[in-house]
Amino acid sequence: MFRYVLQNAFDLKMRMVAYWKIVLRRPIDTIALHLQLSINNLVNRELEKEITSELMSPSGGIESLLQESPSVAGKRAKLNRSVQVLRESKEVVVNIIDRISSYGG
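Each residue of the sequence shown is one higher than the one before, starting from 1 at the first, in UniProt numbering.
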């Protein structure tokens, strides 16, 4: 009987020691998490203000984002020419097929 009580007491003591180590570490973890959250919020808030002021500045933040770069404009013009050539080619092919079908049919 006493042996059983002794085993239970030892088991309880070991569990309490392990739990106490976790309890002692938790405030340190909480402080670190709080610091991380505070820094994260500060950086996000400051970055949001800076980005907003940069975009709304008279130097044309939004306008400069909306302007097309010369390389993109050149690629767009080249693609438009290619599309036009493809449309013309389609018309030529349709005319050829019509002629073939009218002679063959």
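Each residue gets a CB set at the ideal place from its N, CA and C atoms; glycine is no exception.
With residue i as the anchor, note down where its alpha helix (DSSP H) starts and where it stops.
| i | result |
| --- | --- |
| Ser38 | Phe2 to Leu55 |
Between residue i and the rest of its own chain, which residues show a CB-CB distance below 8 angstroms, the 5 nearest in sequence each way excluded?
| i | result |
| --- | --- |
| Val23 | none |
Take residue i and list the residues in its own chain whose beta-carbon comes closer than 7 angstroms to its own, dropping the five residues that flank it on each side.
| i | result |
| --- | --- |
| Tyr103 | none |
Entirely enclosed beta strand (DSSP E) segments - the stretch 60-99, minimum 3 residues: Entirely contained in the stretch 60-99, not one beta strand (DSSP E) run reaches 3 residues.
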